[in-house]
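In the numbering used here, the protein residues as written are 1 to 444.
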Ligand code: ZN
């Protein structure tokens with residue numbers, strides 16, 4: 001198996017990855033996911049086509065750190081039926097119509113009594129909101145404001161055929177073994193029903209990364225975890241506590257299919273290698289990208305970054321939570337997604353992994369004055385694998401200048417602003433020309 005170099009990823013490979021991810025997303029979109037239940041299992045089975053997942057069922061009632069695995073929920077039918085026979089908020093038309101974890105109901109009541117159970121978004125009258133009540137017994141319906149306004153007065157029969165029972169919470173995991181036992185953790189949450197950016201996009205990008213890496217020789221072992229938000233990451237950590245010490249770097253993936261620029265959320269320390277790796281990739285390859293400091297009001301990275309766990313896990317997004325109006329509504333749909341955005345998000349993750357994989361120190365073997373590059377065919381090379389000739393020249397010069405055995409490729413990428421993948425290619429060329437050699441590992 002060969003390793004991977006992102007500068008040699010072709011447009012065709014990128015295009016194929018994008019359409020595979022979008023296709024998987026289209027297939028997953030209609031499934032009714034929640035923090036437990038058959039929709040999650042179906043999702044994980046379909047993801048297994050790209051990377052065979054090991055499923056773990058964590059029984060209801062299992063204590064996981066300060067939490068307890070809840071009852072399993074499923075729903076087969078839900079609707080509001082007016083006395084005329086006309087139906088509203090039909091679950092079979094959209095999964096979002098029923099409040100997640102609604103208890104079973106079959107009751108008739110006047111519209112006024114029903115009103116407090118109806119959730120709408122008056123500011124976006126055509127959108128259905130996403131609501132759930134995982135830890136408090138409740139029921140309700142979500143519908144567009146337009147549909148609510150069309151409901152005539154009179155009596156309604158509210159029907160929710162759901163089931164809450166002692167079952168289990170499902171975790172999916174795929175491990176790609178690298179040369180080292182040291183691990184990179186990739187996490188995507190699986191608990192949202194028909195919502196694309198949050199978080200089918202994270203699921204499909206993670207699956208496509210797993211599919212790509214499983215064919216490659218890597219330095220790190222890559223562990224992909226698919227689990228519901230919060231309770232899922234907590235359950236996974238509680239069940240795998242003895243393994244956590246192998247995790248060196250981690251990335252939570254969410255909201256990666258919209259048209260916005262990439263955003264990286266730093267780990268708790270803000271200075272972890274994953275934070276630095278993401279920063280050099282975004283700076284060199286995505287000039288409109290942003291980096292945001294850690295917040296305890298984050299996604300699952302906030303669980304991995306708690307003081308008793310302290311894993312260096314960051315998060316990659318496009319849209320920012322709280323800043324895109326479609327979040328947690330029916331407008332977070334396939335129309336918001338593009339194969340191109342998914343593919344570019346996927347490549348950005350690979351570029352970050354490439355930094356983790358390729359970071360090393362070199363020694364300049366001709367350190368007294370600059371070596372004569374022209375004589376070795378390294379100067380003014382045009383064409384070839386990369387058309388950024390000036391960057392390439394600068395890459396060679398930065399590497400020769402900094403390679404005293406102290407500075408690593410990541411240090412040099414930070415200082416020079418040159419794309420890491422290009423710098424790594426330059427280092428390979430200088431090594432072939434006999435001008436650089438790997439520096440002895442300072443730890444050994
Ligand atoms: Zn969400």
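Each residue gets a CB set at the ideal place from its N, CA and C atoms; glycine is no exception. This structure is a prediction, so every number in the text was calculated from the model and none was measured.
With fewer than 16 other Cβ atoms inside 10 Å of its own Cβ, residue 150 counts as exposed.
Under the 8 angstroms Cβ criterion, the region 191-210 does not count as touching the region 77-85, having fewer than three qualifying pairs. Its chain contains 99, 129, 131, 140, 141, 142 and 143 as the residues whose beta carbon lies nearer than 8 angstroms to that of residue 119, once the 5 sequence neighbours on both sides are disregarded; these appear in chain order. Sorted by chain position, residues whose beta-carbon lies closer than 6 angstroms to a non-hydrogen atom of the ligand ZN are 192, 198 and 328.
In this structure, the beta-carbon distance from residue 157 to residue 183 does not fall below 9 angstroms.
Counting along the chain, residue 109 sits inside the beta strand (DSSP E) bounded by residues 105-110. Around the beta carbon of residue 419, a 10 Å sphere encloses 16 or more other beta carbons of the protein chains shown; the residue is thus reported as buried.
Taking C-beta atoms under 8 angstroms as the contact rule, residue 361 and residue 427 fail to qualify, at a distance of about 10 angstroms.
Residue 155: member of the beta strand (DSSP E) spanning 155-165, first to last residue. With respect to residue 286, residue 251 sits apart: the two C-beta atoms are not nearer than 9 angstroms. Contact between the region 223-241 and the region 57-71 is present: 3 or more CB-CB pairs across the two stretches fall below 8 angstroms. Looking at the DSSP output, residue 119 sits in a beta bridge with 142. Just so you know, the alpha carbons of residue 314 and residue 121 end up roughly 32 angstroms apart.
Residue 223 is bridged by DSSP to 175 and 185.
In this structure residue 56 touches residue 173 by the C-beta definition: roughly 7 angstroms separates them, less than 8 angstroms. The closest CA to that of residue 318, considering only 330, 165, 290 and 42, is found on 290. Rounded to whole angstroms, residue 283 and residue 417 show a C-alpha spacing of 7 angstroms.
When C-alpha distances from residue 43 are compared across 60, 58 and 25, the shortest belongs to 25.
Exposed is the label assigned to residue 136, since fewer than 16 other Cβ atoms lie within 10 Å of its Cβ.
According to DSSP, residue 404 shares a beta bridge with 363. Annotation for residue 280: the continuous alpha helix (DSSP H) segment containing it runs 273-285. Runs of the beta strand (DSSP E) spanning 3 or more residues and lying entirely within the region 39-74 occur at 54-59, in chain order. In this structure residue 278 does not touch residue 341 by the C-beta definition: roughly 18 angstroms separates them, more than the 8 angstroms allowed. Residue 321 has no beta-bridge partner at all, per DSSP. The DSSP-derived three-state label of residue 437 is strand. Beta bridge pairing from DSSP links residue 81 with 87 and 157. Residue 366 holds the alpha-carbon nearest to the alpha-carbon of residue 404 among 366, 421 and 429. In this structure, 108 is the residue among 13, 94, 50 and 108 with its C-alpha nearest to the C-alpha of residue 83.
With a cutoff of 9 angstroms on beta-carbon distance, residue 188 and residue 254 are scored as near each other. Cβ contact annotation for residue 248 (same chain, cutoff 6 angstroms, sequence separation greater than five): 182, in chain order.
Residue 336 and residue 146 have their alpha carbons spaced roughly 21 angstroms apart.
Residue 340 sits in a helix when the DSSP states are folded into three classes. In this structure, the straight-line span from the alpha carbon of residue 257 to that of residue 177 is close to 28 angstroms. Cβ neighbours of residue 413 within its own chain (closer than 6 angstroms, five residues either side excluded): 280, 420 and 423. Shortest Cα-Cα distance from residue 22 to any of 345, 425 and 351 involves 345.
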